[in-house]
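Residues in the sequence shown are numbered from 121 upward in steps of one, following the numbering used here. Beta carbons are placed, not taken as given, at the ideal position from N, Cα and C, and that holds for glycine. For clarity, every value in this text was computed on a predicted model and none was experimentally measured. Here the structure comes first, spelled out in structure tokens, and everything after it is commentary.
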Amino acid sequence: MNFEHPRRSPWSLFPAQRSTKIVRENLALSPADKWKDDVWPIRPPTPWDISTDFPYPRVLEYDVQEGTWLRLDVNPKSGDIIFDMAGDIYCLPSESYIRVRDSQARASNVVFAHPVLLGVPHDSDPHFSPEGDRFVFRSDAELGVENIWVRKWVGCVLENLRPDEHGIVSDELREALAMKVEDESMLVRGVKENPERKRRRLLREGRHGAQRITNETYRWVSDARFHPSGSKVIATKWYTSERSLGAGEGWQYDVPSLSGNYQVEVGAGKRIVGRTLPPGWSSEDYGNQQIGPEQLIWRGEDAVIYAKNVRDSNGVFTYSKDVHKGIYAIFSTNLTTGKTETLVPAFPGGASRPELSRDGKTLAFVRRIRDKEALVLKDLETGTLHDAWYGLTYDLSTVSAPMGTYPSFAFTPSDDGIIIWADGKIHIVYLSVNGRGEKVAAGDPAMIGFTAHIEKRLAETRRSVTDLLTLETQERQRVHAFEGLKVDAVGARAIFQAAGVTYVQRVGGSPSADAEKVPVLHADAPYYSPTFIHGADDLVLHARWSNINFTTLEFANLTSGTAYEVRGLPLGRYYSPAVCECVGNRRKIAFVKTAGDVLTGNVVATANPGIYVGDFTLPSPDSSDNIVVIEHLRFVPSEIDLDDKLDIRFVQKNAKILVQQGRRAFVVDLAAGPDAFGEYVHQDLAQGKMSTQIAVSTQEEAGSGKAVKAGVVAFTERYHVYVVSKSLPDVPVWTKPGNATRGVARLSLDGGHDIAWSRDGKRLFWFLGPYLHSIEISKLDQCSSEIAKDGDTFGIACIVKLLQYQEVLVDYPTDIQRLKEEALISHRRTSASSAANADVLIIANATILTIEDETVAEVPIRGGALVTRGGLIEQVVEGHNLRVPEGATVIDAQGGFIVPGFIDVHAHWASASGEGPYPASSWEHQAFLAYGVTTVHNPSTDTVITFAERSRIESGQIIGPRVFHTGTIIYGAGNAEYHQDIVDDAEAYSALLRIKVEGGPASFSYKNYNLPSRAARQRLLLNARNLSMLCVPEGGMNLDWDLTYIVDGMTTVEHSIPVPKLYDDILTLFAKSGTGSTPTHIVNYGGAWGEQLVWATEDVPNDPKLRRFLPHDHLEDISESTARPFNSFALFNTSASTANMVHKGLRAHIGAHGENPIGLNYHAEMWFTKQGGLSNYEVLRAATSDAADTLGLLPSLGSLTPGKLADFLVYPPGFDLLQDDIRGSRSIRYVARGGRLWDAETMREEWPNKGRKQALPPLNED
């Protein structure tokens, strides 16, 4: 789901309208006409064909008698039905429904649906021309972006692509079918398709002779409808903003002739119904409007009808809206006069999916009525409404629905019926005309039975195995992600943070010297924000964090090994300390203070954030006092953005402070002093249009009153490092080809972060994983001609030869190694036999579920024992076979259940997105463990920050579950911080390598987040194979894209498919594909969220365990909830669909999305997963072994199998995990991760360091 924004905005309440509302549109130049869609994509795509450039070695064939979300049309002449199903298009001859009114014929009236369009491309939205001789459809054929195509129509029987021996078939198709197996085998083997093979493939697929109507390469188009003239169509063109859900617009396109090779220009077409803006918005804001017209149809020659979400009236889409109050309304706009009228208001129950009768007099649409979904008829002459049928499936007006809020339907040629999909079937709703001339329902609707043969080519599912066992059982583990890079004056040394420890690395040399720890006063505390001291080569300054005392600054002498504590600072959160570049020991110091945040709390020391400056004396090596005192501390008002990453340092000795943020570098003039209002003069040096970090080398004129000028501007944009030697401070630097800043050069081959200049401005440094890169800026002259000529990658092919890099080696003892050592110390054994078993922990007298059995149940071992040694499971035995070795620790389970530790496959937490710059202990991670989650997988993080956090957990600085994640999302929408085009293989490889290199062996997954191009998604999948990475895409929003994720072999679909109730076409495809499912009912797509049910039925704020582990303001936030009718919770249909697929072979997983309250909601998600028909054991399997299997971790964890990591949960006696209410799974006695055992009620360590407890920052007022 799209959670890169606030989840909700206030719901507007629109009163019922008593009469049709007519609005005169402004006929002057509209905001849409003033707005230019010229930013995204950044780079145009390179050639690709989704059918031939990506292998599909598997074939899945099956028959169905039902389908999911079948969008259909009826031929206006012949009455043939055409519909899409599972990405292909089928037809039914008119005889399929003409006879069903006869009850005897109805019983046997099951006909075969003929395939019209097949193949790898995903096809949908078929609609006939007014004469019935052509049809248009949506397809991602060729490049993989959904466009509108047109093809001739010759009748359902003749269109059959797979006729039996009695069917009519052309010689061309017969030949093509005969070569099908050989042609497809050649594609799988990588043999490039020649023109003849392509012709045969297009014949077999039914797209030979089809022509493009649209040519979009980034925006996508859906649901095209012919104009009455047949010469043009109107369709919905979808626009993403910073968010990846689309806002619709009505666009008109010319329909080409089917003879000849018609070329359509990229972006061709004409906007005829744009988005309207909320009050106060200007044309500059137009691209941020997230709501627009959808489902457009023609009304005569010069008017259109469409549906639009009117509840999100402030331009921001919100989830979990109230469908009963109504969300969509239906409008009509006259294109000549510009007048718009409301045909059907939103209240009650909404109104969407408009369709017109053949005579144009009756509007049909769908809406919610009580617990029913109704097909409603409105006579456009009398205004009368008639409910025609209450048997529809619930609409999807509650979500962003580019697949339509309801499947398209159509009137029969004579207007005596409506053909419509509902509950997996196609139906005919019979119509007659009443005494007022209005169309009304006539009798009971009838089902139009069909059998369809589905034929899908599937890619291999992206699977790989990570040897976690070897990684965690070795003595030491490496750090791969480094932060806080600074460089000394001449670029000889670098200083940085590695897993909460400050290191200095000498630059260059062969072989490279190892990184050295900086001397500290508290070796067990985390340190951050290091920097060198100008003119004092032996000294460095960094910050120490305490969960109780917050920030303390420390100096360290690298030569003597002495550390000095800074006194004189009030309690507070400080970072980015800097010392003036002055002469002598008397200096000024500056740093940034922040207010509270999620991890450190919002209760203590939150006042007056900003820049502070003070005076102090540098520590002397001769001094016997290890104390440095700051004096005359004062606040400096400034324009810093505390929500952005920032770095400060002094320039012109102590006269000015240089502030460098994501998109701005400026100086604050201290020497000039404040004005009459207490404000300081600011001078901009550089700006970035899409940058995420700016670092400038400065040119400083002598004298405190002189200006500071930017020399070379370095910046990161879209994960790469760039420099530009000449830039204007008020003109943002940018790298979009064709619009790039003149002279910009790309320095990074695959990416980089934490850019830092040597103080002399001669060398630039950055990190990518454990590799420290640098370049002498003067050498760029050697590539000046290549830089000037390369308007796409800005000279990197030449510049890469100038780069220097060295690998930085930092490691730490693994948790298992520490556990062994701690166990030996805590037991204080004297005999050799006792010492040999000091690391043995036995949980005896237990009821053990190993979760090794993949069937629906497993017989537990009652009275059994779980034996662990050195953090690994040694054996699982029945009680009478237990032999307790001398020196082992034994805990009596008192008959309680033991199961493997739970895995949250879709977890989120604040620190993973860079919430606060401080290395505080995480209440979130502690809460995960307290509720039994021993492994988390986060599918949306900051790559560097979260791999650094993982190292802090593994090194023992903080307590938490085993952390895995995808790194930063590979994002398709227009957010400058995250967007990636993936237009070629090089970009795909770099995007994945940037994630892989920061995590090393612990990095095994990435997230495609609504990339609109299937070609881009396929390029990533191909490169992921070579890097052994899994793909866990963002699902939920788009049914059609979700199906391509499955067909193309993505590892999972994260979030539920947006249609909650699935039928055999998708149930079978999904279950048999090998792709896993993480439905996240807790934030279910398609209705009210599961978490809202938790809030309404649980006393969350007063739960004693939650109050021990979560900030109380988080609990207060959900004190009050609003009751929702049970039928608003579509998650129960999602759960039923999931259970059906599990029983067909799907691997389902538990993912609680990090929703409040963390921990408890994981168990609520387990309960929601069970509601669809799974047993307790099947839910436990989803939470453990199935999750581990999908993530490639099953050889190391996920079941209680000897040799695996000892992650397990111990339940109190009296609770039966197999038979009792599974919501009781939250009541855990002990939790173990890698053999280390905690009391789950208090998170005091039970073994091997009994009684040890992690301190947390002061999170609460009480």
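Using a Cβ distance threshold of 8 Å, ILE425 and ILE417 count as a contacting pair. Residue range 1172 to 1174 is occupied by the beta strand (DSSP E) that includes GLU1174. Looking from the CA of ALA908, the closest CA among GLU942, THR525, LEU1251 and ALA865 belongs to ALA865.
For SER743, no alpha helix (DSSP H) run applies, since DSSP gives it neither H nor E.
A residue is called buried when at least 16 other Cβ atoms come within 10 angstroms of its Cβ; ASN1143 meets this threshold and is buried. With a cut-off of 8 Å on Cβ pairs, the segment 1287 to 1304 is not in contact with the segment 1215 to 1226, counting fewer than three such pairs.
Looking at the backbone, the Cα of LEU463 and that of ARG345 are separated by about 19 Å. Taken in chain order, the whole beta strand (DSSP E) runs of length 3 or more contained in the segment 884 to 963 are 891 to 896, 924 to 927 and 931 to 933.
VAL841 and GLY872 do touch by the CB rule: their CB atoms are close to 4 Å apart, below 8 Å. The bridge partners DSSP lists for LEU212 are ILE201. Distance from the CA atom of ASP745 to the CA atom of GLY1076, rounded to whole angstroms, is 31 Å.
Partner residues in the beta bridge of TRP371, as assigned by DSSP, are ALA355 and ARG391. The three-state reading of DSSP puts GLU1381 in coil, since its state is none of H, G, I, E or B. Assignment of THR593 by DSSP, reduced to helix, strand and coil, places it in the helix class. 8 Å or more divides the Cβ of ALA1250 from the Cβ of ASN1296. Counted as a single uninterrupted DSSP element, the stretch harbouring GLY1120 is not any alpha helix (DSSP H), since DSSP gives it neither H nor E.
Annotated as distal: VAL771 and VAL756, with beta-carbon spacing of 8 Å or more. For TRP269, the pairing in a beta bridge is given by DSSP as PHE257 and ARG332.
Bounds of the alpha helix (DSSP H) holding ASN1146 are 1134 to 1146. Restricted to the segment 1040 to 1126, the beta strand (DSSP E) segments that are unbroken, complete and at least 3 residues in length are 1053 to 1058 and 1082 to 1085, listed in chain order.
Here CYS211 is near HIS234, since their CB atoms are less than 8 Å apart. ALA367 is a Cβ neighbour of GLN409, given a cutoff of 8 Å.
In this structure, ASP1101 is the residue among ASP1101, TRP189 and ARG254 with its C-alpha nearest to the C-alpha of THR337. Taking C-beta separations shorter than 7 Å and ignoring five residues to either side along the sequence, the partners of ASN1247 in its chain run ASP491, following chain order. Leaving aside the five residues that flank GLY420 on each side, the residues in its chain whose CB is nearer than 8 Å to its CB run, in chain order, PRO348 and GLY480. Runs of the alpha helix (DSSP H) spanning 4 or more residues and lying entirely within the segment 1220 to 1256 occur at 1224 to 1229 and 1232 to 1236, in chain order.
Taking GLN924 as the centre and dropping the five residues before and after it, the same chain places the C-beta of SER894 closer than 6 Å to its C-beta, in chain order. In this structure, the alpha-carbon of GLU994 lies about 14 Å from that of VAL1010. Taking C-beta separations shorter than 8 Å and ignoring five residues to either side along the sequence, the partners of SER584 in its chain run PHE1124, SER1148, MET1149, LEU1150 and GLY1312, following chain order.
By the CB criterion at 8 Å, GLY688 and THR671 fall outside the cutoff.
The segment 308 to 319 makes no contact with the segment 376 to 388; the number of CB pairs closer than 8 Å stays below 3. Considering only ALA1111, ARG1356 and HIS1283, the residue with the shortest C-alpha distance to SER1345 is HIS1283.
Note on GLY446: 16 or more other CB atoms within 10 angstroms of its CB, so buried under the neighbour-count rule.
With a 10 Å radius around the Cβ and a threshold of 16 neighbouring Cβ atoms, GLY387 comes out exposed.
Contact annotation, ALA1047 with LEU1230: C-beta distance approximately 6 Å; criterion of less than 8 Å satisfied.
In this structure, THR1086 keeps its C-beta atom at 8 Å or more from the C-beta atom of SER1110.
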